[in-house]
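For the sequence shown, UniProt numbering begins at 1 and goes up steadily by one.
Encoded as structure tokens, the structure appears first; notes follow it.
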Amino acid sequence: SSSSSSSSSSLSSSLSSSSSSNSDHQPMKLPITELWADKKERIRKKSPFGNLPSWDLFSVIVKFGDDLRQEQLALQLVTQFHKIFKEANIPIYLRPYSILITSSQSGLVETVLDTASLHQIKKNTPGFTTLDQYYKEVYEHPSDKYKVAQMNFVESTAGYSILTYLLQIKDRHNGNLLIDAEGHMIHIDFGFMLSNSPGKNMNFEAAPFKMTQEFIDVMGGLNSNVFEYFKALMVRGFLECRKHCEKIIFLVEMMQEGSNMPCFVGGPASVEQLRQRFCTSMTEDEYIQHVEGLITKSCNNWYTRQYDKFQYMTNGVRY
Numbered sequence: 001s002s003s004s005s006s007s008s009s010s011l012s013s014s015l016s017s018s019s020s021s022n023s024d025h026q027p028m029k030l031p032i033t034e035l036w037a038d039k040k041e042r043i044r045k046k047s048p049f050g051n052l053p054s055w056d057l058f059s060v061i062v063k064f065g066d067d068l069r070q071e072q073l074a075l076q077l078v079t080q081f082h083k084i085f086k087e088a089n090i091p092i093y094l095r096p097y098s099i100l101i102t103s104s105q106s107g108l109v110e111t112v113l114d115t116a117s118l119h120q121i122k123k124n125t126p127g128f129t130t131l132d133q134y135y136k137e138v139y140e141h142p143s144d145k146y147k148v149a150q151m152n153f154v155e156s157t158a159g160y161s162i163l164t165y166l167l168q169i170k171d172r173h174n175g176n177l178l179i180d181a182e183g184h185m186i187h188i189d190f191g192f193m194l195s196n197s198p199g200k201n202m203n204f205e206a207a208p209f210k211m212t213q214e215f216i217d218v219m220g221g222l223n224s225n226v227f228e229y230f231k232a233l234m235v236r237g238f239l240e241c242r243k244h245c246e247k248i249i250f251l252v253e254m255m256q257e258g259s260n261m262p263c264f265v266g267g268p269a270s271v272e273q274l275r276q277r278f279c280t281s282m283t284e285d286e287y288i289q290h291v292e293g294l295i296t297k298s299c300n301n302w303y304t305r306q307y308d309k310f311q312y313m314t315n316g317v318r319y
């Protein structure tokens, strides 16, 4: 009887401890200390001019010692692609932001509000395990809020995947990928594109675009309906961009004239290779197969994994 009582007490204590441990787990949160709308309202209340209807507040990053012309070109292209998708009514998300160049070595860059980089999320979120689990906890899976955030992730990932391939945007480590409060993934920092890449153009990032296993997991896996939706968006997006390729090529050609921007280090071949990536000689069916091949090649690509490891080893960027 004494032995049975002791065993029962031990089991009860164990269950109690386990229950306490589970209840102590705090759901992960986006590592943003204050949303911009809250900060803006707080500052407005303290401003002597806060009662004026015209009062407003903007957040910018002041850059000095950087030539922002290439960044500005990239954002002009992002804006152009954004218009193409919007006018075609394709639910692909891009987040253009503004740049004001004040001199050859300085300028103002609009802040992408209410975001944290993937690196920051992995480093600063208590209890972080995987990006998939992060989305499920932050956006309260299986709620409608989660479904919206997951769709936002898919639609933004599709947009930036198309851009990454067509414009050959490189250096896509997790410090240059932001997640906003609504679940979109947003790319920043376009210092390497078209014909220049990190490591003196050694082409470390050989995949068409970044599609890690953790991105695939957020979408529910390769065989999920959500991933099928991603693939459908990619096909629609690429086909629509191809219709407007001359507009994109003209903008790049115009900026290349007499330019010493790093992205044009390849000379006239930079524009010719851009033209080739639109594959205008292919039939629509051939182009669809080509896009599906790009997706297959990008999924959990070995080169992408190695580049993330390289960035972690050299710069401490989490992956």
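Glycine included, each C-beta is placed from N, C-alpha and C at the ideal position.
Fair warning: this is a prediction, and the values are worked out from it, not measured in the lab.
Original post:
Quick one: Cα of R95 to Cα of K122, how far?
Top reply: Reading the sequence shown from its first residue, position 95 is the one you call residue 95. Reading the sequence shown from its first residue, position 122 is the one you call residue 122. Inter-residue distance for R95 and K122 is about 22 Å (C-alpha atoms, whole angstroms).
Original post:
Which of helix, strand or coil does DSSP assign to G159?
Top reply: Here the question's residue 159 lines up with position 159 in the sequence shown. Assignment of G159 by DSSP, reduced to helix, strand and coil, places it in the helix class.
Original post:
How should L178 be labelled, buried or exposed, when 16 other C-beta atoms within 10 angstroms of its C-beta is the threshold for buried?
Top reply: Taking the sequence shown and counting its residues from 1, one reaches residue 178 at position 178. The residue is buried, with at least 16 neighbouring Cβ atoms inside 10 Å.
Original post:
Is it the case that the Cβ atoms of C299 and M211 are separated by a distance below 8 Å?
Top reply: Counting from one through the sequence shown, the residue named residue 299 turns up at place 299. Counting from one through the sequence shown, the residue named residue 211 turns up at place 211. It is a contact, given that the beta carbons lie within the stated cut-off.
Original post:
By the 10 Å Cβ neighbour count, where 16 or more other Cβ atoms means buried, how is K247 classified, buried or exposed?
Top reply: In the sequence shown, counting from the first residue as 1, residue 247 sits at position 247. By the neighbour-count rule (16 or more Cβ atoms within 10 Å), K247 is not buried but exposed.
Original post:
Taking just the CA atoms, how far does S156 sit from M185?
Top reply: Start at 1 with the first residue of the sequence shown, and residue 185 comes out as number 185. Start at 1 with the first residue of the sequence shown, and residue 156 comes out as number 156. Rounded to whole angstroms, M185 to S156 spans 6 Å at the Cα level.
**OP:** May I ask which residues mark the beginning and end of the alpha helix (DSSP H) holding K29?
**Re:** Here residue 29 corresponds to residue number 29 of the sequence shown, with the count starting at 1. Unbroken run through K29: none, as it is neither H nor E.
**OP:** Return the chain-ordered list of same chain residues with a C-beta closer than 7 Å to the C-beta of Q72, the five sequence neighbours on each side being excluded.
**Re:** By one-based count along the sequence shown, residue 72 stands at place 72. Answer for Q72: I99 and I101, listed in chain order.
**OP:** Can you grab the Cα-Cα spacing for the pair L118 / Q76, in whole Å?
**Re:** Here residue 118 refers to the residue found at position 118 of the sequence shown. Here residue 76 refers to the residue found at position 76 of the sequence shown. Approximately 25 Å between the Cα atoms of the pair.
**OP:** Look up L131 in the DSSP assignment and say whether it is helix, strand or coil.
**Re:** For the purposes of this step, residue 131 is identified with residue 131 of the sequence shown, where counting begins at 1. DSSP places L131 in helix when its eight states are reduced to three.
**OP:** Please confirm whether G183 and I90 have their CB atoms less than 8 Å apart.
**Re:** By one-based count along the sequence shown, residue 183 stands at place 183. By one-based count along the sequence shown, residue 90 stands at place 90. No, they are not a contact pair.
Original post:
Hey, H173 and V78: beta-carbon distance below 8 Å or not?
Top reply: Looking up residue 173 in the sequence shown gives position 173. Looking up residue 78 in the sequence shown gives position 78. At a Cβ-Cβ threshold of 8 Å, H173 and V78 do not count as neighbours.
Original post:
Thinking just about the alpha-carbon of each residue, which of I249, F230 and Y134 is nearest to the one in L274?
Top reply: As a working note, residue 274 is residue 274 in the sequence shown. Taking each of I249, F230 and Y134 in turn and checking the Cα distance to L274, the smallest one comes out for I249.
**OP:** Kindly give me the distance between the Cβ atoms of C279 and S270, rounded to whole angstroms, as I take these residues to be in contact under 8 Å.
**Re:** Working through the sequence shown from its first residue, we reach residue 279 at position 279. Working through the sequence shown from its first residue, we reach residue 270 at position 270. No, C279 and S270 are not in contact; Cβ-Cβ is about 17 Å, not under 8 Å.
Original post:
Any idea what DSSP makes of E286, helix, strand or coil?
Top reply: On the sequence shown, position 286 is the one that residue 286 refers to. Here E286 sits in helix by DSSP.
**OP:** Tell me whether residue 326 is buried or exposed, calling it buried when 16 or more other Cβ atoms sit within 10 Å of its Cβ.
**Re:** Residue 326 lies beyond the stretch modelled for the chain, which goes from 1 to 319, so this question has no answer here.
**OP:** Just the C-alpha distance for T283 and K297, rounded to the nearest angstrom, thanks.
**Re:** Taking the first residue of the sequence shown as 1, we reach residue 283 at position 283. Taking the first residue of the sequence shown as 1, we reach residue 297 at position 297. As the crow flies, the alpha-carbon of T283 is around 21 Å from that of K297.
Original post:
Which residues share a DSSP beta bridge with L194?
Top reply: Counted from its first residue, the sequence shown places residue 194 at position 194. In DSSP, L194 forms no bridge with anything.
Original post:
Excluding the five sequence neighbours on either side, which residues of its own chain have a C-beta within less than 8 Å of the C-beta of W36, listed in chain order?
Top reply: Within the sequence shown, numbered from 1, the residue matching residue 36 stands at position 36. Correct list, in chain order: S59, L113 and D114.
Subject >> Backbone secondary structure at T115 - three-state DSSP >> reply: As a first step, residue 115 is located in the sequence shown; it is residue number 115 there, counting from the start. In the structure shown, T115 sits in a strand (DSSP, three-state: E or B).
Original post:
In terms of residue numbering, what span does the alpha helix (DSSP H) encompassing I43 cover?
Top reply: Reading the sequence shown from its first residue, position 43 is the one you call residue 43. W36 to K46 is the span of the alpha helix (DSSP H), which, as asked, contains I43.
**OP:** Indicate the three-state DSSP secondary structure (helix, strand or coil) for S189 in the structure shown.
**Re:** Counted from its first residue, the sequence shown places residue 189 at position 189. According to the sequence displayed, residue 189 carries Asp and not Ser. The three-state reading of DSSP puts D189 in coil, since its state is none of H, G, I, E or B.
Original post:
Can you tell which of R44, T33, K63 and C241 has its C-alpha closest to the C-alpha of I288?
Top reply: As a first step, residue 288 is located in the sequence shown; it is residue number 288 there, counting from the start. The residue among R44, T33, K63 and C241 with its C-alpha nearest the C-alpha of I288 is C241.
Subject >> Of the listed residues Q168, D189, H244 and Y165, nearest to I84 (C-alpha basis) >> reply: If you number the sequence shown from 1, residue 84 lands on position 84. Relative to I84, the option among Q168, D189, H244 and Y165 whose CA is nearest is H244.
**OP:** Return helix, strand or coil for S270, following the three-state DSSP convention.
**Re:** As a first step, residue 270 is located in the sequence shown; it is residue number 270 there, counting from the start. Of the three classes helix, strand and coil, the one that applies to S270 here is helix, per DSSP.
Subject >> CA nearest to the CA of N260, picked from S104, I61, N223 and L30 >> reply: Here residue 260 refers to the residue found at position 260 when the sequence shown is read from its first residue. Sorting S104, I61, N223 and L30 by C-alpha distance to the C-alpha of N260 places S104 at the top.
**OP:** Pull up the CB-CB distance for N176 and I188, whole angstroms please, since I reckon it's below 8 Å.
**Re:** One-based indexing of the sequence shown puts residue 176 at position 176. One-based indexing of the sequence shown puts residue 188 at position 188. The beta-carbon distance between N176 and I188, rounded to whole angstroms, is 6 Å. This is short enough to meet the 8 Å contact definition.
**OP:** State yes or no: is the beta carbon of M193 nearer than 8 Å to at least one beta carbon in chain D?
**Re:** The chain inventory of the structure shown lacks chain D, comprising one protein chain alone.
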